[in-house]
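Residue numbers (my numbering), protein chains in the order written: chain V, 1095 to 1321; chain P, 1095 to 1321. From the three backbone atoms N, C-alpha and C, an ideal C-beta is built for every residue, glycine too.
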DNA sequence: CGTCCCCTTGAGTTATTTCAACACTCGTGG
DNA sequence: CCACGAGTGTTGAAATAACTCAAGGGGACG
């Protein structure tokens, strides 16, 4: 697989070219940058790689991945359109990021971001809010992984996706059962069985593996453990 | 148990009084504030409470606690002297904080912090770094809860404590087995058995329940899954 | 000296994992 | 058009890591 460095160097996928475009990471946080495409499962950046860029999903979905020495995989987060990811306080990335499906991702140089923050206090506040919101989401995930059972994990996951999608009753899953399992700290088999169980209990229906209809949202919220 | 509001109102524990003192939250982040004492298990702030203050451990240890509706408890983090906690991006606290042992805690008004950040760009950067570092620690914890077994969790925990204590081979545990269990997503029995197992395997020795000697640090690091 | 709290240990149970088999979808190419 | 294979998802049966329940040990403190 081609490295990001190589891609950026020649910018074969860059849309609109590496100059001229401005990325709106958040209100009052517009930074010069450019957009690149990544295909299904392509690596966006690697663990330990220099964190020279900050990223924002334009379309598609992205996952943060970490590996244990024996190959066990963990997904720290999924990023949806509008989400900013790859922000680090050190100089290197602590996890890798991969395209869950074909994606467009905006890249902003960290140096450019820092310049923007120094020039405008409101930009600094925006950057802090992005970071702090990421932190809050992680805390929910900690509780989920630390104290919830399989049904509660999957119910929480579906409720979150539903909210992120604007509250519709139909949820499209861009990610595989394997991704869901590695995100929820379960195995694919348990995820699959739990989907089936939720369907049997009339909380959801599953027209196809990647599309879920939330039938009884109140029941799901109850099942999620409310936390 | 008396509420924080009541305490701050009358400031019965305030050391040096609510005025005059400056708290050094981080390099170039000095904010007016005051220090309070909290006794063993006392609540510092509650979930859902207005986040009017930001806190820093002066001495002792603090835990972040969240509860599920049926009473299951989860500890999101332990805070040691120097650590800043209770920072929120919304207006309310998402978890409660409690004194693991008798503590001294510095309090800074959020409004004062915001003033300091507006007055000095370096202060803003410091605040962001505190937040980003908190985020990085949580990511390790996610991996631990999502993919590590009991031995790996406890080994990781001990290695971290050892590092936080400056790398000595002897670690003092301010927290109970119950706290450790709720932090590592286990039960007290499993934590206790795993301590015993690590001792049998000559990775540690346990002169008393609250004091651990790390015998074979390399082995512990290996056991922790290196992640 | 007794009580309380915390910790440890044992035995049996259970939720989840592991291993294995099979079904479905979707391109590709004969 | 159908066969084929790869990738993905589902389901069953057996194994296991961790949990639950229960009992007992030991230190702190009044």
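Close Cβ partners of residue i (< 7 Å) along its chain, the five nearest in sequence each way excluded
i, result
"residue 1121 of chain P", "1220"
"residue 1170 of chain V", "1158, 1160, 1189"
"residue 1281 of chain V", "1275"
"residue 1144 of chain P", "1185, 1186"
Buried/exposed call for residue i, threshold 16 Cβ in 10 Å
i, result
"residue 1301 of chain P", "exposed"
"residue 1307 of chain P", "exposed"
"residue 1272 of chain P", "exposed"
"residue 1297 of chain V", "buried"
"residue 1210 of chain V", "buried"
"residue 1105 of chain P", "Caution applies to residue 1105 of chain P, whose pLDDT of 41 falls short of 50 and renders its modelled position unreliable; the model cannot decide the point."
Residues of its chain near residue i, where Cβ-Cβ distance is below 8 Å and the 5 sequence neighbours each way are ignored
i, result
"residue 1322 of chain P", "Summary: the structure shown does not reach residue 1322 of chain P, with chain P confined to residues 1095 through 1321, and so no result is reported for it."
"residue 1099 of chain P", "At residue 1099 of chain P the pLDDT is 42, less than 50, meaning the model places this residue with poor confidence; the figure from the coordinates comes in the next sentence. None."
"residue 1196 of chain P", "1131, 1132, 1133, 1134, 1154"
Among the options, the one whose alpha carbon lies nearest that of residue i
i, options, result
"residue 1279 of chain V", "V:1236, V:1306, V:1304, V:1313", "V:1236"
"residue 1244 of chain V", "V:1308, V:1257, V:1210, V:1276", "V:1276"
"residue 1248 of chain P", "P:1161, P:1182, P:1311, P:1143", "P:1311"
"residue 1116 of chain P", "P:1295, P:1202, P:1142", "P:1202"
"residue 1192 of chain V", "V:1157, V:1217, V:1215, V:1166", "V:1157"
"residue 1255 of chain V", "V:1162, V:1172, V:1130, V:1295", "V:1172"
"residue 1270 of chain P", "P:1123, P:1134, P:1127, P:1119", "P:1134"
"residue 1162 of chain V", "P:1290, P:1283, P:1238", "P:1238"
"residue 1136 of chain V", "V:1148, V:1194, V:1114", "V:1194"
"residue 1176 of chain P", "P:1118, P:1144, P:1215", "P:1118"
"residue 1313 of chain V", "V:1250, V:1281, V:1114", "V:1250"
Test item: CB-CB of residue i and residue j under 8 Å
i, j, result
"residue 1241 of chain V", "residue 1187 of chain P", "no"
"residue 1230 of chain P", "residue 1318 of chain P", "no"
"residue 1213 of chain V", "residue 1125 of chain V", "no"
"residue 1200 of chain V", "residue 1150 of chain V", "yes"
"residue 1226 of chain P", "residue 1174 of chain P", "no"
"residue 1265 of chain V", "residue 1198 of chain V", "no"
"residue 1178 of chain V", "residue 1224 of chain V", "yes"
Span separating the alpha-carbon of residue i from that of residue j
i, j, result
"residue 1321 of chain P", "residue 1190 of chain V", "13 Å"
"residue 1263 of chain P", "residue 1315 of chain P", "13 Å"
"residue 1222 of chain V", "residue 1181 of chain P", "11 Å"
"residue 1288 of chain V", "residue 1184 of chain P", "33 Å"
"residue 1268 of chain P", "residue 1142 of chain V", "33 Å"
"residue 1305 of chain V", "residue 1252 of chain V", "11 Å"
"residue 1261 of chain V", "residue 1228 of chain V", "20 Å"
"residue 1309 of chain P", "residue 1295 of chain P", "10 Å"
"residue 1290 of chain P", "residue 1303 of chain P", "10 Å"
"residue 1127 of chain V", "residue 1215 of chain P", "23 Å"
"residue 1114 of chain V", "residue 1164 of chain V", "44 Å"
"residue 1166 of chain P", "residue 1166 of chain V", "27 Å"
"residue 1208 of chain P", "residue 1148 of chain V", "25 Å"
"residue 1152 of chain V", "residue 1152 of chain P", "43 Å"
Cut-off 6 Å between Cβ atoms - residues of its own chain near residue i, not counting five sequence neighbours on either side
i, result
"residue 1140 of chain P", "1190"
"residue 1146 of chain P", "1204"
"residue 1123 of chain P", "1217, 1220"
"residue 1283 of chain V", "none"
"residue 1285 of chain V", "1271, 1274, 1275"
heavy atom of the ligand PLP below 7 Å from residue i C-beta
i, result
"residue 1228 of chain P", "Of the ligands one can find in the structure shown there are none, so the ligand PLP has no counterpart to examine."
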